[in-house]
Amino acid sequence: MPENLLDPCADSVLPSIWIADDSPLEAQLIVHALGPNYRTQIFSDGSSLLERIVRTDDRPKVLLLDWVMPDISGEEVCHFLRAAPETASLPIILVTASRISVDDVVAGLSAGADDYVSKPFAPEELRARVEAILRAQRLRDLMQRQSERLALTALLAKRLMTAGPSVTAVLDILCSTLVPAVGDAGLVWSEELGLARPGFAALAHRKPEAEARLRRLLLTGSGPIPGVNLTGMASQILRFVSRSESEAVIPPALRPYMDEFAISSLILLPLRDRSGVRGTLLMWREGGRESFAADDLALLETCLDYCALSLENAQLYAAEQRMHARLDATLDQFPVGVLVADEQGRTCLSNQMSRELLGTTVESGGHLSQLGQGGQFTRPTGELYALGEMPIERALAGEVVRGEELIVRWPGGALRTLRASGTPVVSQAGMRLGGVAAFEDISEQKIAAREREQLAQFQSQFLGILGHDLRNPLNAITMATGLLARRAGPDDTRLIGRIAASSDRMRRMIDQLLDLTQARLGGGIPLTTQPVNLGEVIRNVIDELQTAHPGRRFDIVLEPVPVEVWDQGRLEQVLSNVINNAVVYGRADQAVRVRLFVEGSEIICEVHNENQEGREIPPELLATLFEPFRRGRNEHQRSHGLGLGLFIAKEIVAAHHGQIEVRSSAKGGTTFRIILPIVQVPALPPSPTGGVT
Amino acid sequence: MSQILIVEDDPDTREILCELLSEEGYDVRSAAHGCEALAVLATQTPALVVLDLYMPVMNGWDLLAAMHGDDRLRTIPTLVLTSAPSQAPPGTAVIAKPQEIGVFLKAVRAAIAR
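Below you can see the structure in the form of structure tokens.
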């Protein structure tokens, strides 16, 4: 309890005392006896006093009432005052004549007087009685203010409980609760409390029309009060000041408001929490109201402490909500279903995907035991999950589940394959808090894998047919044809020859289809490697072609090249194809030129032929010459093959990490270049030198 | 006359081979797969076994392995006639299907001579 409240000098104004006495002389005696420490007012009769007292707010601290007056007696005045609520507790001292009887005193005190003085009195006695009354009154006032303040603090605390996570609501409650009780107007202002509009956060005025006016005034400025740094002032703590004092301290920018609202006293307090000053409370009183007292300041400080606590809670709550929202939004972006359950098996977090995959029973608050109500969960074997056996349930029980496949069947019959993982959530202290599970829809992957498997199976079957199944009957035909040819008479030889030639063509086509299939589907043409002398291979190929085409000339220059580890049969196939093309398509009267040489780190075989008039390879065909199912230049050659020869040649060269190229023009002829990289450089074998055959 | 055992699951091929080799003067026996072949080999020791690789019941690889594991049968020459010559065990005489009879007969003679 602040001591100065009991000190009569603490109030800036002197206590007011009203005197009612029909004798002006008696009244002056009383005034004189009271001395200079009181403001006195004299009424010559009871009715003028009563008339005045009901019309003013500025009531006296003590009333000195003459007991015997002409029109209305002191006793009647007493009765009247005690009957009205505003004056029921106004201290009254009866001033009586010396011949006062005990009955009068009893009657006066019964009528409501607090004390009495009998004339004549010593001035000290009067002053002592007045002071005693005033002291008692101050104590009573103080008690009442204290209990009002307690009630106010309790009310504020109760209202703050309802504010929830809203910072604005907290500040609004602060203003709307405190202003009517403590001041006339108040505002809370903060730059950093995360409010949409910079400026005051909350504002209240005791009078609605004044609040509207204040609101308009403040809204037009850029801050709560233009030109005033309230936060800066608050951190200096400008305590309560009277109007006259304030003008010396308040910045000039605030003075128009002082005049506009006749501000008589104001309090400026920082709103602090543990992290420092968060805002400023400005509260004022207007007109003739008494200045803020020290206990007003104490009350406001207490209230601000409550408010700061609520703000912290509100901010924590809001931050948690924001984090929750962010987490939810983030999890919803996951292509994986995420489900978190507490130790009771209640869902506390589930993202969009988990609801899609597991059904709406996993929505927050649901229980895991309801999982089976949406769809039917089985293992890949078709076995139903027993109660408590789902991955998330096992995670709750402490098990770590990794990549378990499960199948969910929806009421409509749709089937999805999920891959589930789960792990228990354990506190640092080792307490089990729940479990988290992730679900991934792998239905598409499953289907794709099955398709890949089927395709691979089909490929291997197809390769088997080409490589094996077709060859057995063809072998029977070929051998039977050979047997028939030995026994046949001259008439049958021609037809049997046709059968033999056709079955041979079919064999070649089957070989090519096998090569194509292996190149395209089987990952490349398989090679059976051995050391190969390419010069010898070329010579053998040309020897065979020379036998088949005795009239053709070959111009061969074979430089020595390193022996490399290659597939000899396959390279024979390539060279045979390319050189045979040169023989078939080239000019018959010109030699087919074959060159073998080393260029840098590559072995190059060039096969060149001159073109018959207009028989060069057209440019549009050159671009696609090595693609499968291309036809040769002569349309009538179509029936001879599948158009796979050069494609297979290119694939074989590619399997040797080499390249095959072609150039063709009417005058320059057609040249194929087979380029093979040198991998190892062993000793050069003795090599045949070239010559014209 | 030299005896030849034909082991071949394709009946057409088997019949043609039998006829061809009989015509060439060989004493020909035949079997449809490895098990039948081993049954023949239990009583006979031919001059040559001509065999396919892909066969039901017991394939050519297993037959070769079984013969290799037997002291008597190990010495009998073999000739693999297959559509997958690259899959024949290393060191075996092999010719590809389809095949000309001329080439085949040459290979048969060469295999017996060895």
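Chains as they are written, first to last, in the numbering used here: chain V, 1 to 693; chain H, 1001 to 1114.
Where is the CB? At the ideal position from N, CA and C, for every residue including glycine.
Taking 8 Å as the cut-off, does the stretch 537 to 548 of chain V touch the stretch 504 to 524 of chain V (at least 3 CB pairs, one atom from each stretch)?
no
To the nearest angstrom, report how far apart V/Ala-113 and V/Leu-217 are at their CA atoms.
50 Å
Please report the Cβ distance between V/Leu-311 and V/Val-170, rounded to the nearest whole angstrom; I am assuming they are in contact, meaning their Cβ atoms lie under 8 Å.
5 Å
Chain H within 8 Å of V/Gly-467, Cβ atoms only:
yes
I'd like to confirm the pairing. Which residues does DSSP put opposite H/Val-1094 in its beta bridges?
H/Val-1080
First through last residue of the beta strand (DSSP E) which encompasses V/Tyr-116
115 to 118
What runs of the beta strand (DSSP E), each 3 residues or longer, lie entirely inside the stretch 250 to 338 of chain V?
263 to 273 and 276 to 286
Please name the residue, chosen from V/Ile-19, V/Asp-58, V/Leu-14 and V/Asp-45, that lies closest to V/Asn-37 on a Cα-to-Cα basis.
V/Leu-14
On a Cα-Cα basis, can you pick out the residue from V/Gln-333, V/Glu-405, V/Ile-407 and V/Met-390 that is closest to V/Glu-399?
V/Met-390
Would you say V/Arg-471 reaches chain H, if we count a Cβ-Cβ gap shorter than 8 Å as a contact?
yes
What first and last residue would you give for the beta strand (DSSP E) that runs through V/Ser-665?
659 to 665
Endpoints, beta strand (DSSP E) assigned at V/Ala-701:
Because chain V in this structure spans residues 1 to 693, residue 701 of chain V falls outside the shown range and cannot be described.
Within the continuous beta strand (DSSP E) that includes V/Glu-595, where are the two ends?
Looking at the sequence provided, one finds Arg at residue 595 of chain V rather than Glu. 592 to 599 is the span of the beta strand (DSSP E), which, as asked, contains V/Arg-595.
Taking C-beta to C-beta, are V/Ile-525 and V/Ile-652 nearer than 8 Å?
yes
Give me the residue from V/Met-283, V/Ala-429, V/Ala-480 and V/Thr-96 with the minimum Cα distance to V/Ala-181.
V/Met-283
Between the Cα of V/Ala-318 and the Cα atoms of V/Ser-166, V/Asp-441 and V/Arg-206, which residue gives the shortest distance?
V/Ser-166
Selection from V/Arg-289, V/Gln-530, V/Val-594 and V/Ser-265 that minimises the alpha carbon distance to V/Arg-553
V/Val-594
So, with DSSP's three-state summary, where would you put V/Pro-8?
With a pLDDT of only 40 at V/Pro-8, under the threshold of 50, the placement of this residue in the model should not be trusted, and no figure is reported.
Would a C-beta distance cut-off of 8 Å place H/Asp-1052 and H/Asp-1009 closer than the cut-off?
yes
Would you kindly work out how many angstroms separate the C-alpha atoms of V/Leu-34 and V/Ile-267, rounded to a whole number?
36 Å
DSSP state of V/Phe-629 mapped onto helix, strand, coil:
coil
If H/Asp-1062 sits next to H/Gly-1034, beta carbons under 8 Å apart, how far is it from one beta carbon to the other, in whole angstroms?
5 Å
Euclidean distance between Cα positions of V/Ser-264 and V/Thr-280:
19 Å
In angstroms, rounded to a whole number, what distance separates the CA positions of V/Glu-301 and V/Leu-156?
13 Å
Using a Cβ-Cβ cutoff of 8 Å, what residues of the stretch 494 to 528 of chain V are near chain H? List them in chain order.
Ser-503, Arg-507, Pro-526 and Thr-528
Give the DSSP bridge partners of H/Gln-1003, in chain order.
H/Asp-1027
Can you check which of these residues, H/Pro-1085, H/Leu-1048, H/Glu-1023 and H/Ile-1004, is closest to H/Ile-1076 by C-alpha distance?
H/Leu-1048
Nearest-angstrom Cα distance between H/Ala-1107 and H/Ala-1113?
10 Å
What are the uninterrupted segments assigned as beta strand (DSSP E) that are 3 or more residues long and contained completely in the stretch 483 to 555 of chain V, given in chain order?
530 to 532
Could you check where the alpha helix (DSSP H) with H/Trp-1061 kicks off and where it finishes?
1060 to 1068
Quick one: give me the first and last residue of the beta strand (DSSP E) that V/Pro-619 is part of.
Premise fails: V/Pro-619 lies in the alpha helix (DSSP H), 619 to 622, not in any beta strand (DSSP E).
Segment limits, beta strand (DSSP E) that includes V/Glu-698
Only positions 1 to 693 of chain V appear in this structure, which leaves residue 698 of chain V out of reach.
Any residues in the stretch 1003 to 1026 of chain H with a beta carbon nearer than 8 Å to a beta carbon of chain B? Which ones, in chain order?
Considering every chain present, this structure includes no chain B. Its protein chains are V and H.
Is the beta carbon of V/Leu-349 sitting closer than 8 Å to the one on V/Val-340?
yes
Cβ of H/Ala-1107 within 8 Å of any chain V Cβ:
no
Which chain V residues are close to H/Ser-1086, counting only those with a beta carbon under 9 Å from its beta carbon?
Pro-526 and Thr-528
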